[in-house]
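Data first, discussion second: the structure below is written as structure tokens.
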Amino acid sequence: MDNVTPDRVRLTADEARKVAERALERIGYDTEEAAIVADHVLDAALCGYEYSGLPKILNVAEHRRLRQPRRVMRAVQETPVSARFDGGNNLGMVALYRATQIAIAKAGAQGFAVVGVNNSWVSGRSAYYVEMIARAGLVGMLTIASTRHVAPLGGAKATIGTNPVAFGFPCEGEAFVFDMGTSAFMSTDLQFRQRRGEELPEGVAIDSQGRPTRDPAEAKKGAILPFGSYKGFGLAMVMQAFGVLAGSATDVEQSYGYLVMAFRPDLLIPIDQYRRDLAAMLARVKATPRQPGVEEIRLPSERAFRERARNLRDGIVIDRKIYDALLALPEGKLPMASDE
Numbered sequence: 116m117d118n119v120t121p122d123r124v125r126l127t128a129d130e131a132r133k134v135a136e137r138a139l140e141r142i143g144y145d146t147e148e149a150a151i152v153a154d155h156v157l158d159a160a161l162c163g164y165e166y167s168g169l170p171k172i173l174n175v176a177e178h179r180r181l182r183q184p185r186r187v188m189r190a191v192q193e194t195p196v197s198a199r200f201d202g203g204n205n206l207g208m209v210a211l212y213r214a215t216q217i218a219i220a221k222a223g224a225q226g227f228a229v230v231g232v233n234n235s236w237v238s239g240r241s242a243y244y245v246e247m248i249a250r251a252g253l254v255g256m257l258t259i260a261s262t263r264h265v266a267p268l269g270g271a272k273a274t275i276g277t278n279p280v281a282f283g284f285p286c287e288g289e290a291f292v293f294d295m296g297t298s299a300f301m302s303t304d305l306q307f308r309q310r311r312g313e314e315l316p317e318g319v320a321i322d323s324q325g326r327p328t329r330d331p332a333e334a335k336k337g338a339i340l341p342f343g344s345y346k347g348f349g350l351a352m353v354m355q356a357f358g359v360l361a362g363s364a365t366d367v368e369q370s371y372g373y374l375v376m377a378f379r380p381d382l383l384i385p386i387d388q389y390r391r392d393l394a395a396m397l398a399r400v401k402a403t404p405r406q407p408g409v410e411e412i413r414l415p416s417e418r419a420f421r422e423r424a425r426n427l428r429d430g431i432v433i434d435r436k437i438y439d440a441l442l443a444l445p446e447g448k449l450p451m452a453s454d455e
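Numbering-wise, the working numbering puts 306 at position 191 of the sequence shown, and it's gapless, one number per residue.
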């Protein structure tokens, strides 16, 4: 660990992984689960998403559902090409990782797969899962209906989730990945701003009276807004509809529904040809003549992949208060329930 400034510290990737795993084990996760979650938050940090990196562990530690009983994730309905799981109140970063593995296995064997999960919470960065799918040589899509942080367009109360959607495509070299939230601001970033005492940008949130606010604490009492007017709200509602397919209506909060879809490109085109053709298309877009002052046409995830390569070499920088809070997490044991 190196001091960058009095308020910021630099950790190597290995140091950050150890800090994350120890913090997760202290709040009750076993070695395997801690490794799954640590890899997820570390990857987010390496890709330059500090708010979705190690601070996410503090969100988990403070989450009300951490202290509620959990059960082993179980299949409610399953076919050779599909499965729907009750997540058993397990952390989303664990449940969705396992659901993605199942989708990859089913799609590899059958050509296509769709897997849904409910009764789970805090799934992390969606790009992580679709990149897993793309690295397995499959095309992937992930939709998320999440807890109620966002007001519908014109509404004064949070009734829908931040509801991201992500896509992953196998390509020559790095996968082609796109991940976006349908809200004007992500709830994880809101919590991060609150921890650091920072204001929100203008126009992304309202307070409990429906008035614009830049105060994260007031926004948590009120709502985040959809992005892009009716387009963002419409996409958010599509994610809600996919969430119902994943079982959100029978979720304990009637909110969470994760849907993973994966298929083999060779259902439509030979995989090697697909990789070449996709790479050629991306290269054509990169070569677009640029407007004055524009240095580069940057494709989705290019910045994140570059930062990951650099940060693997140079390490990540995090807030010292967050680093100290992770080290100071009290030991606990996750409550379990019977499997009956």
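Don't be surprised by glycine CBs; every beta carbon is placed ideally from N, CA and C. For clarity, every value in this text was computed on a predicted model and none was experimentally measured.
Inter-residue CB distance, residue i and residue j (contact presumed, cutoff 8 Å)
i      : j      : result
Gly202 : Asn234 : 4 Å
Pro341 : Leu268 : 6 Å
Ile248 : Ala159 : 17 Å between Cβ atoms; not a contact.
Val375 : Ala218 : 4 Å
Ala299 : Gly318 : 7 Å
Ile386 : Gly252 : 6 Å
Val237 : Val191 : The Cβ separation is near 21 Å, so there is no contact.
Leu161 : Arg423 : 4 Å
Phe293 : Ser416 : 7 Å
Thr297 : Leu350 : 5 Å
Arg199 : Pro450 : Rounded, the Cβ-Cβ distance is 25 Å, inconsistent with contact.
Val124 : Tyr438 : 5 Å
Gly239 : Phe282 : Not a contact, Cβ separation roughly 17 Å.
Beta-ladder partner(s) of residue i, from DSSP
i      : result
Ser298 : Pro341
Ala292 : What sits at residue 292 in the sequence shown is Val, not Ala. DSSP, once it has assigned bridges, lists Gly283 as partnering Val292.
Asp117 : Arg125
Ala131 : Paired residue(s): none; Ala131 is not in a bridge.
Ala210 : Answer is none; Ala210 lacks a bridge partner.
Ile275 : Val265
Pair within 8 Å by beta-carbon distance, residue i and residue j
i      : j      : result
Tyr373 : Ile259 : yes
Ala165 : Ile433 : Note on identity: in this sequence residue 165 is Glu, with Ala being the wrong assignment. Yes, these two residues count as a Cβ contact at 8 Å.
Glu177 : Thr262 : no
Leu427 : Ala128 : yes
Gln309 : Ala332 : yes
Glu136 : Ala150 : yes
Met354 : Val280 : yes
Asp156 : Gly168 : A small fix is needed here, since residue 156 is Val in this sequence, not Asp. The answer is yes: Cβ separation under 8 Å.
Ala266 : Val232 : no
Gly163 : Arg418 : yes
Leu444 : Arg180 : no
Ala228 : Val196 : yes
Pro184 : Asn205 : no
Pro285 : Pro380 : yes
Met301 : Thr274 : no
Thr365 : Lys171 : no
Glu246 : Ala214 : no
Leu414 : Val400 : yes
Gly464 : Ala271 : In this structure the chain extends from 116 to 455, so residue 464 is not present and cannot be described.
Gly430 : Leu126 : yes
Where residue i sits in the DSSP three-state scheme
i      : result
Asp201 : strand
Pro327 : strand
Glu455 : Unreliable placement is indicated for Glu455, whose pLDDT of 39 sits below 50; no coordinate value is reported for it.
Thr194 : strand
Ala220 : helix
Val353 : helix
Val359 : helix
Ala320 : strand
Ile142 : coil
Ala443 : coil
Leu315 : coil
Leu449 : coil
Gly270 : coil
_Contained alpha helix (DSSP H) runs [length at least 4] in the region 363-441, N- to C-terminal order_ = Taking only runs of at least 4 residues, the alpha helix (DSSP H) segments lying wholly in the region 363-441 are 386-401 and 417-429.
*Note down, one range per segment and in chain order, each alpha helix (DSSP H) of at least 4 residues found wholly within the region 154-192.*
The qualifying runs are 170-177.
*Would you mind listing the alpha helix (DSSP H) stretches within the region 226-261 that are 4+ residues and don't spill past its ends, in chain order?*
241-250
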